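With our numbering, the residue at position 77 of the sequence shown is 75, and numbering never jumps. Glycine residues also receive a C-beta, built at the ideal position from the N, C-alpha and C atoms. Since the structure is predicted, the reported quantities are computational estimates derived from the model, not experimental observations.
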Amino acid sequence: MTVLSMKNIFKYIFASMAAMAVCACAKPAEEFLHTDNKISSIWITPATDATRIIYGEIDDSVEPAVITFGIPRTARPYFPDLSQLKVKAIVGYDAFVSPSLLGIKDLSSDFHITVTASQTGEVREYILRAEYLSI
């Protein structure tokens, strides 16, 4: 009885290995291209204090898209110089920002960036603006 059940076990193992081999030889599905070249979230911090954060408001209704960082009066002591800001952003998978957002940026005037989906080359332009709010 044990020999017979061992034969059945070997048959099941062989059948499952054959099934895996057949599945491994199947043609892959069409490759998915990542085309997301948008900024989903973006924020600034002072160059000296990364704990103070102001999120940008993204206006996609214009071309190029405009991102405004409105700094309220209560946050001005922490953001004394708009030319000394760090910018961080979340972009789509396999996309890159040009010029790079590494380092300190000057947002006292319009700062132009592009986000490119590297797999398709699709480009999206943005203008970054930081301003002090009057309220």
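{"query": "Kindly indicate the opening and closing residues of the beta strand (DSSP E) around Ala93.", "result": "Ala93 to Ser96"}
{"query": "Flag this pair as touching only if the stretch 79 to 92 and the stretch 34 to 52 have three or more C-beta atom pairs under 8 Å; answer yes or no.", "result": "yes"}
{"query": "Can at least three beta-carbon pairs, one atom from the stretch 60 to 67 and one from the stretch 119 to 129, be found at a separation below 8 Å?", "result": "yes"}
{"query": "Looking only at its chain, what residues have a beta carbon closer than 8 Å to the beta carbon of Ile133, apart from the 5 residues adjacent to it on each side?", "result": "Pro70 and Arg71"}
{"query": "Identify, in the order they occur along the chain, each residue of the same chain with its Cβ nearer than 6 Å to the Cβ of Tyr91, setting aside the five sequence neighbours on each side.", "result": "His32"}
{"query": "Which parts of the stretch 24 to 57 are runs of the beta strand (DSSP E), unbroken and 3 residues or longer, counting only runs that do not cross its ends?", "result": "37 to 44 and 55 to 57"}
{"query": "Apart from the five residues just before and just after Ser38, which ones in its own chain have a Cβ nearer than 6 Å to its Cβ?", "result": "Ile88"}
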